[in-house]
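K.L.:
First, the structure itself, so that you have it in front of you.
6 protein chains.
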Amino acid sequence: MADYDVITLGETMLRLSPTNLRRIEQANELELYIGGTESNTAVGLARLGLKVCWLSRLTDNPLGRLLAGKIAQHGVDTSHVTWTEEDRIGLLFLEEGKAPRGSRVIYDRQGSAASRMRAGDLPRPLFHPTGARLFHTTGITLAIGTDPAAAAAEAVSWAKEAGWLVSFDLNYRSTLWSPATARRGCDPIMQQADILFLPERDAILLYELAPDTPSEGVLRTIAERYPRALIALTLGPEGAIALAPGGEIHRQASFPAEEVDRIGGGDAFSAGFLYGYLSDKRGDSNIATALRWGAAAAALKYGIRGDFPVITRSEVEALIEGATGAGVVR
Amino acid sequence: MADYDVITLGETMLRLSPTNLRRIEQANELELYIGGTESNTAVGLARLGLKVCWLSRLTDNPLGRLLAGKIAQHGVDTSHVTWTEEDRIGLLFLEEGKAPRGSRVIYDRQGSAASRMRAGDLPRPLFHPTGARLFHTTGITLAIGTDPAAAAAEAVSWAKEAGWLVSFDLNYRSTLWSPATARRGCDPIMQQADILFLPERDAILLYELAPDTPSEGVLRTIAERYPRALIALTLGPEGAIALAPGGEIHRQASFPAEEVDRIGGGDAFSAGFLYGYLSDKRGDSNIATALRWGAAAAALKYGIRGDFPVITRSEVEALIEGATGAGVVR
Amino acid sequence: MADYDVITLGETMLRLSPTNLRRIEQANELELYIGGTESNTAVGLARLGLKVCWLSRLTDNPLGRLLAGKIAQHGVDTSHVTWTEEDRIGLLFLEEGKAPRGSRVIYDRQGSAASRMRAGDLPRPLFHPTGARLFHTTGITLAIGTDPAAAAAEAVSWAKEAGWLVSFDLNYRSTLWSPATARRGCDPIMQQADILFLPERDAILLYELAPDTPSEGVLRTIAERYPRALIALTLGPEGAIALAPGGEIHRQASFPAEEVDRIGGGDAFSAGFLYGYLSDKRGDSNIATALRWGAAAAALKYGIRGDFPVITRSEVEALIEGATGAGVVR
Amino acid sequence: MADYDVITLGETMLRLSPTNLRRIEQANELELYIGGTESNTAVGLARLGLKVCWLSRLTDNPLGRLLAGKIAQHGVDTSHVTWTEEDRIGLLFLEEGKAPRGSRVIYDRQGSAASRMRAGDLPRPLFHPTGARLFHTTGITLAIGTDPAAAAAEAVSWAKEAGWLVSFDLNYRSTLWSPATARRGCDPIMQQADILFLPERDAILLYELAPDTPSEGVLRTIAERYPRALIALTLGPEGAIALAPGGEIHRQASFPAEEVDRIGGGDAFSAGFLYGYLSDKRGDSNIATALRWGAAAAALKYGIRGDFPVITRSEVEALIEGATGAGVVR
Amino acid sequence: MADYDVITLGETMLRLSPTNLRRIEQANELELYIGGTESNTAVGLARLGLKVCWLSRLTDNPLGRLLAGKIAQHGVDTSHVTWTEEDRIGLLFLEEGKAPRGSRVIYDRQGSAASRMRAGDLPRPLFHPTGARLFHTTGITLAIGTDPAAAAAEAVSWAKEAGWLVSFDLNYRSTLWSPATARRGCDPIMQQADILFLPERDAILLYELAPDTPSEGVLRTIAERYPRALIALTLGPEGAIALAPGGEIHRQASFPAEEVDRIGGGDAFSAGFLYGYLSDKRGDSNIATALRWGAAAAALKYGIRGDFPVITRSEVEALIEGATGAGVVR
Amino acid sequence: MADYDVITLGETMLRLSPTNLRRIEQANELELYIGGTESNTAVGLARLGLKVCWLSRLTDNPLGRLLAGKIAQHGVDTSHVTWTEEDRIGLLFLEEGKAPRGSRVIYDRQGSAASRMRAGDLPRPLFHPTGARLFHTTGITLAIGTDPAAAAAEAVSWAKEAGWLVSFDLNYRSTLWSPATARRGCDPIMQQADILFLPERDAILLYELAPDTPSEGVLRTIAERYPRALIALTLGPEGAIALAPGGEIHRQASFPAEEVDRIGGGDAFSAGFLYGYLSDKRGDSNIATALRWGAAAAALKYGIRGDFPVITRSEVEALIEGATGAGVVR
């Protein structure tokens, strides 16, 4: 049995936002949440019952300790984080808005400790055959700096060497790099990955597909580029589709959800998908399970404030089994 | 003229819940409300202008005083509550949720002072012919313990003896007893009651009716069991229907309402219904008035945070007379 | 180039309201906003980039300074306000509600410093040819007292004398005067105004039109009464229409918006309209621009808590150019 | 046995203040408390166990209902308040400060419903021999308007006629009247009162005594003017002294207290004093008891936020018996 | 090297208290903290850098998960907690007060999951020679029920068997048992313990010593009863003294501290003491180090809200080395 | 008459801190204030009645607009700030603490827009003979980057050229530069300044004086280095001393103050001093006035939360004239 089920690697930030739909210019105080795609997914996986470790580099000050502690609160092992006296903790300011204004994110992550994480900061000894079953990271880790990109590449090669699965979420961020740079930057890891997550709009943008390409077409295009990976394409309100090498396209509708906070929905999808995938090893039918858990975890996340999927396994199971969640349970 | 219009009897709890749709695991503070079905109805009746007394048993500590004080704030007489140094104040934790998760209630009421209330704790001298016009309690009081069940039975017999009306709300709680136990437990008081309130889903469950029984069929089934009572069946969004012995079925649609907090809606319905019934004594047409006031009070309650129907008589009247409540009055 | 683009004149109040949809009777604290139609419009104009001055009379205490400071925060010049040791700051209590209850405003403005503002309190020297391009006030200033009504009339005459434009928003308030008094009271300034804003329902009420008069009919009726003015009629969800002397009726649909706080929407419309009008001087096509900016500013305002249109020029431009505001910008 | 032990009469206001020692100019929200000298004393008396009724005149809006409800929460009977559709609820803004700035109160009570209360608004039938044991009002009621002054004078004459005791607290407010006017205005009621409360500094100011007059000298001067009254002179940190006609001066030190909120300390003193006086009828030794209860209630009040003495009888008893209150009781 | 440095065992509760020194009767919301003596000490030890595991029994609901998560946030391993669907989470309500009132705690812990913890719930396999270096529990665990008392006794015997140190804090609670019962109940474990913590006032009470016994005399009396243990007697503001078998009495003054929240001060002392003791193995001089770390950790805790000692090792070191903490570090 | 009385130049940051003495690791939300030494002084001067302009460089996003708006709220002209789409807004996190822990500031200002401000960003045309009477900046502006240091040097030379006074506050920050670098870096501007503010501990550190040098000795040492400047040395609780070229040493005790928030006290001193100096032009006696206003403004600031001296001229006057601020003004 492996020490961990999943190890994830990436940057996490403090998220600060006014309460009560105030604009930042109207705020006297800011609510504080924690978020980063890989730790969001780690939190989801740990809450569903897996043993999870999150790797990163943090400044050893109250902000860094707050961040690690809030992740540990949900059962993720943060004891292999690298601590430094240097650099800073990345921030993002979120100003929630209703249509026609929309929510707005102001990133303030330049010079963060994570953006200066090197391969040498990673706990190399963890990467042995029974160290974990799966390693997960995303395109954001590649985008925030050449050092973390190199560190992630190293980690992937160690993971492959140890015989683990590797999963990767494209997670394109236009404020960090251009589509072309992102496509080139992510390619080497995507070539090695066993599982790929791509938001459909990112796939269309990076691979320069026609905006009206049918989802299946987008998925097949990716599959041609990355023929050895199981590929999950998330379609927003339309759900998700997935395709394993040599298999059929599986389709999963999204579960209806009232939206409280959509940030972190994709990360919850990844958590649910990986949990379903790792828990149910029956070959191809496995993909349907994984998609269903991914869609259910994402739907529950939409109703939760903050980036973390603060869900339970029984909630996901109940949703999959058809409980509607209307009314009050009492 | 009676000392009180209505006397109610039951348990009330502190209700604690995170603000801003946070989950309990994310909370740093909990908002505090007060709620119990019989005191909710008492608050509604007092705010509509009746003289109301609420009977219960409370631990004499700051929590108990908070609870009684918040009820007294709305004009309900709490001076006949029995105070004890023993036991505790019941609690409920409410975690609000949006679909697909739904809100969740965690009851923590074991060993509460109210659950150990005995007939001897009740102010026997109040139960004389001009002491009140109506006595009201619910199935929850019967479910929380054999002592309060016996106390309620005594109170009902005293009320009947004094010539008052008795009203009873079935209010089935699956966390407190089984449908069969509830059916048997409530029967003696329901046989004596002049007015019965039943949520349709509870009626179907307890009397083992087919789930697709038409509402009228459910109502007539109850009427056969309890032929001497005026029976009001609440149908959720479909409104309510009522039937007096030997009369016609009256139907009342629900008033459209945006939901802020649905807990206490049924209690507000009872308050409105009883107010309408007691205020307008014209025989059968009375039932239509009662239903209208019940539906209007419930609709206004849905827009109010907390269990209490913090409404005014003029708001109910305006709603009945057709004011829509759209926009801002200024 | 003028010292100011726009000078506005009127009363502003503290707005106090419970948070979280609580009723006032449930409140332990009140959230504080600032609002008055003319300063709301001034804030909108300043945020869009114009030089704006707001004239009023305020009591020199912490409440008055809070009020002026919050207006100055958004770039409006408040240095010409008259300060007095006498009188008080007007208040309004807002209790937000959902249907069927609706929001309710309790005005508490009797005896305010602004309601005792006289012409002698105004900075007469500002009113010279290059002092400003436009003077703006509303029917509320005429309604709150004979002194401010006389002061506004004087200011309008000075503005005309100086060759400025004059704009006027009817802004009828039933708690301050009757329709007939309002009609007579506003007439002299409306006869002189170059731009008139009228909510359609106010126009129907004051000029005793049939409730089902088509909007165009209402507009033309006003135009007959005030033939020298550009008239903008706001239609609520139906948008707005406008007519310049001898011109065509221009129509602007409203932009879809989720409503957070509708108070101040009309003032934001005026701000957007005046900005568009003053920025784009191409004769009649100008009116279309003005209507579009007005509608966009109002739509954005609906999503902002408080009376102020805390918007930016780029947000208005993006809305006009078709950005939908769905999702999160990141 | 009397219907009430004590009936008090006066104005009560909403008290609004920033939290956390912010200045009003820095506030985004205001904390809400309720306060008025006579209702503060009523709350104290009710919490100590007496039957208490508070008389006043209130505007029937959410603010007025909030105010009455918060008083009723502590067991005071507010059912004889006169409600009106007219006028407004008085306000005070409190800006807490530390030395050298000090706290500052901004009164905004002009035109309040209470300031227009007439004798005809009072429930004349309550004033019969077994209606109450004591009637209490203060100089503030005389200062806020000629109508309430006349109403208070009437009430005092009815109370005397019914054979009740009358107590009166001078409670001079420099923002309402001058020392000379206050002296003349209060004299008629003070001549009839059985118990008089005077802060020493008010006594020195109104009776134009030398600032360095010893407290005993001040007390004797008052006693000469009002020879039929039991006079209690409060000395601030030095405690209080009292003198009954023909008796000895009793002296009571103040109980040490850490100050959280000193507003309402004098009203708590009156509550404690009257409770002690009415509960312990052993002639002169009674005064010592009354002083002790007054001083203890005031000391406990200093540690309580808001104007109300939210105390319990057992807390006062424990303080009098010497419990120090240091540490945590657990 | 051991798997853990320290394993602790006990009950932890949710602590709910009004903010801002409000009384519970004035509260609209309650702030939420977590506290239990053994988990407080565990948090302190983990924050100082040791590997710590906390054992308990918790109800598997959001309250239980909140509680475990908040402990895990600070680095304590909670993965060996026993989860149950039964019972409840214990609560305590804290009403902070200033002299003369004092703070008051209302326990509501009857029927908690921890009070029904049995030996069979404990992870027996952890108790092997390299499982840990020290096991810690307190008298509260013995007091809350016969089941947890038996479980604690078992755990102590397993720990001794495995060759670990055992430490025990008397921590007498008068609301849970009488002094005589506590003395008898704690004796068996105290006979086996290697380190004993006793608050001086508890020692005087349980062993019926004269209240004016000098601290050294108290310490020597305990040492005679428990001759094989290192005994640390905490003296409140006077600091602490300790005595090892056959050694000298060591004395440590307390570090001056402004008190924000004194609850948990003793637990922080234990954490600091055990850290110092386990980190510095030089025989008797070790005791001086342990006392110094204990006193410093306690002093820092007094300035921290909540039960947890949210301290860092460098803060304790700086305090021991003489940094005063006056002013702002910037 | 000059356009402005004072122009200041420097960086301002958002200050984020937990409420209620929580540690950052315990926070769910952060309170937001604004602070920077030169804008703090500008706010003080504007509130005292002078015309003040603050120069800086800000990122044009909601954080930058919040920052400028909060400064403008107090009457400072921010219209000459340079706005950029680049860079970021500097932050500081403040964790308030009581002894022995002390408050802690975490700066996060690397790469801020202000740290990249160049001379070319400054509004050169303002610097003409009637543009202002005095220019003020501090050592922090010189420390945050070579660009702002050069910009400040340019501004000083323009100011001297225009015939204005120049004042400079040493304001040493150990996190930004070493004492020796600071000494060298500040020297050129200090040689040109007419007024110099130095905290005594900074002076001792930078000029390598013996820690026990008497304050007068420190002052004279500075005076020898900068013989053409009026030098004010602030001594913390001991007040301040000042010396003009060829004059006597003036001494001013500090006014007693209860400390709510000491950050910004020195900036308030500068504001008071400059106000007193500029308002009272009677040669040497002027210095006594300036010192008195400086000490009074600083004492009032200690009682105000946030960096800004939210004071009024009448509060300063009252303090100077001897009002004690004890008790409540009502």
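Protein chains in written order, with our numbering: chain D, 1 to 330; chain S, 1001 to 1330; chain V, 2001 to 2330; chain U, 3001 to 3330; chain P, 4001 to 4330; chain X, 5001 to 5330. By construction, the Cβ of each residue, glycine as well, lies at the ideal position given by its N, Cα and C atoms. Here the structure is a predicted model, which is why all the values come from computation and not from measurement.
1) For chain D, find out if any of its Cβ atoms is closer than 8 Å to the Cβ of U:ASN3028; answer yes or no.
2) Who are the Cβ neighbours of V:ARG2228 in its own chain at under 7 Å, not counting the five residues just before and after it?
3) Could you give the first and the last residue of the continuous beta strand (DSSP E) run that contains P:GLY4266?
4) Taking Cβ-Cβ distances shorter than 8 Å, what residues in chain V pair up with X:GLY5010?
5) With a cut-off of 8 Å, does the C-beta of P:ALA4326 fall near any C-beta of chain X?
6) Would the beta-carbon of D:LEU92 fall within 8 Å of that of D:ILE106?
7) Output, in sequence order along the chain, the residues in the stretch 5238 to 5263 of chain X whose CB is closer than 7 Å to any CB in chain V.
8) Compare the C-alpha of X:THR5059 against each of X:GLU5086, X:GLN5073, X:GLY5075 and X:VAL5081 and name the closest.
9) Taking the Cβ atom as the reference point for each residue, do X:PHE5127 and X:TRP5158 lie within a distance shorter than 8 Å?
10) Do the CB positions of X:GLU5011 and X:GLY5036 come within less than 8 Å of each other?
11) To the nearest whole angstrom, what separates the beta carbons of P:PRO4309 and P:VAL4043, a pair I think is in contact under 8 Å?
12) Over the uninterrupted beta strand (DSSP E) stretch that includes S:PRO1018, give me the two end residues.
13) Looking at the strands, I want to know which residues DSSP matches up with X:TRP5158.
14) Just to check my reading of the structure: X:ASP5307 and D:ARG88 have Cβ atoms closer than 8 Å, yes? What is that Cβ distance to the nearest angstrom?
15) List the residues of chain P whose Cβ lies closer than 9 Å to the Cβ of S:PHE1331, in chain order.
16) Going by the DSSP bridge assignment, what does X:LEU4987 pair with across the sheet?
17) So, with DSSP's three-state summary, where would you put P:VAL4076?
18) Please go through the same chain and pick out, in chain order, the residues whose beta-carbon is closer than 6 Å to the beta-carbon of D:ALA27, but skip the five residues on each side of it.
19) Please report the distance separating the alpha-carbon of V:GLY2069 from that of V:GLU2154.
20) Drop a sphere of 10 angstroms on the beta-carbon of P:PRO4148, count the other beta-carbons inside from all chains shown, and report buried for 16 or more, exposed for fewer.
21) So who's on the other strand from U:ASP3108, going by DSSP bridges?
22) Is there a Cβ of chain V sitting closer than 8 Å to that of X:GLY5265, yes or no?
23) Answer yes or no: does any C-beta atom of chain A fall closer than 8 Å to that of D:ILE304?
24) Please classify U:MET3001 as buried or exposed, where buried requires at least 16 other C-beta atoms within 10 Å of its C-beta.
25) P:HIS4074 CB to nearest chain D CB: under 8 Å?
26) Please check if any C-beta of chain P sits within less than 8 Å of the C-beta of D:GLY69.
27) Could you name the residues of the same chain whose beta carbon sits closer than 7 Å to that of V:HIS1999, not counting the 5 residues immediately before and after it, in chain order?
P.N.:
In brief:
1) In the fourth sequence, the residue the question calls residue 3028 of chain U occupies position 28. By this cut-off, U:ASN3028 is an interface position.
2) As a working note, residue 2228 of chain V is residue 228 in the third sequence. For V:ARG2228, same chain residues with a beta-carbon under 7 Å away, outside a window of 5 residues either side, are PRO2245 in chain order.
3) Along the fifth sequence, read from residue 1 onward, the residue named residue 4266 of chain P stands at position 266. Bounds of any beta strand (DSSP E) do not take in P:GLY4266; it lies within the alpha helix (DSSP H) bounded by 4265 to 4279.
4) Residue mapping note: residue 5010 of chain X aligns to position 10 of the sixth sequence, counting from 1. The premise fails here: X:GLY5010 is roughly 20 Å from chain V at the closest Cβ pair, so nothing lies under 8 Å.
5) Counted from its first residue, the fifth sequence places residue 4326 of chain P at position 326. Confidence in P:ALA4326 is poor, its pLDDT being 46 and thus under 50, which makes the residue's placement unreliable; the coordinate value appears in the next sentence. Yes, contact with chain X.
6) Start at 1 with the first residue of the first sequence, and residue 92 of chain D comes out as number 92. Start at 1 with the first residue of the first sequence, and residue 106 of chain D comes out as number 106. Yes, the Cβ-Cβ distance between D:LEU92 and D:ILE106 is below 8 Å.
7) Result list empty, no residue passes.
8) Within the sixth sequence, numbered from 1, the residue matching residue 5059 of chain X stands at position 59. If you compare the alpha carbons of X:GLU5086, X:GLN5073, X:GLY5075 and X:VAL5081 with that of X:THR5059, the shortest gap goes to X:GLU5086.
9) Stepping through the sixth sequence from its first residue, residue 5127 of chain X is reached at position 127. Stepping through the sixth sequence from its first residue, residue 5158 of chain X is reached at position 158. Yes, Cβ-Cβ distance for X:PHE5127 and X:TRP5158 is below 8 Å.
10) Position 11 of the sixth sequence, counted from the start, is the residue given in the question as residue 5011 of chain X. Position 36 of the sixth sequence, counted from the start, is the residue given in the question as residue 5036 of chain X. It is a contact, given that the beta carbons lie within the stated cut-off.
11) By 1-based counting over the fifth sequence, the position of residue 4309 of chain P is 309. By 1-based counting over the fifth sequence, the position of residue 4043 of chain P is 43. The Cβ separation is near 6 Å, so the contact holds.
12) For the purposes of this step, residue 1018 of chain S is taken as residue 18 along the second sequence, with counting starting at 1. For S:PRO1018, the enclosing beta strand (DSSP E) has its first and last residue at 1013 to 1018.
13) Your numbering for residue 5158 of chain X matches position 158 in the sixth sequence. X:TRP5158 has no beta-bridge partner at all, per DSSP.
14) Looking up residue 5307 of chain X in the sixth sequence gives position 307. Looking up residue 88 of chain D in the first sequence gives position 88. Between X:ASP5307 and D:ARG88 a beta carbon distance of about 21 Å is seen, past the 8 Å cut, so the two are scored as non-contacting.
15) Coverage of chain S is limited to positions 1001 through 1330, which leaves residue 1331 of chain S absent and any answer about it impossible.
16) Any question about residue 4987 of chain X goes unanswered here, given that chain X covers just 5001 to 5330.
17) As a first step, residue 4076 of chain P is located in the fifth sequence; it is residue number 76 there, counting from the start. In the three-state reduction of the DSSP assignment, P:VAL4076 falls in the coil class, being assigned neither a helical nor a strand state.
18) Taking the first residue of the first sequence as 1, we reach residue 27 of chain D at position 27. If we look at D:ALA27 and ignore the five residues flanking it on each side, its Cβ neighbours are PRO18.
19) Translated into the one-based positions of the third sequence, residue 2069 of chain V becomes position 69. Translated into the one-based positions of the third sequence, residue 2154 of chain V becomes position 154. Going from the Cα of V:GLY2069 to the Cα of V:GLU2154 covers about 27 Å.
20) If you number the fifth sequence from 1, residue 4148 of chain P lands on position 148. Buried.
21) Residue mapping note: residue 3108 of chain U aligns to position 108 of the fourth sequence, counting from 1. In the DSSP output, where bridge partners are listed per residue, U:ASP3108 has U:LEU3091.
22) Here the question's residue 5265 of chain X lines up with position 265 in the sixth sequence. Cβ-Cβ to chain V under 8 Å: no for X:GLY5265.
23) Looking at the structure shown, chain A is missing, and the protein chains on hand are D, S, V, U, P and X.
24) As a working mapping, residue 3001 of chain U is identified with position 1 in the fourth sequence. Classification of U:MET3001: exposed, given that the 10 Å Cβ count is below 16.
25) Against the fifth sequence, residue 4074 of chain P aligns to sequence position 74. Chain D has a Cβ within less than 8 Å of the Cβ of P:HIS4074.
26) For the purposes of this step, residue 69 of chain D is taken as residue 69 along the first sequence, with counting starting at 1. Answer yes: the Cβ-Cβ gap between D:GLY69 and chain P drops below 8 Å somewhere.
27) Chain V is shown from 2001 up to 2330; residue 1999 of chain V falls before or after that span and cannot be answered.
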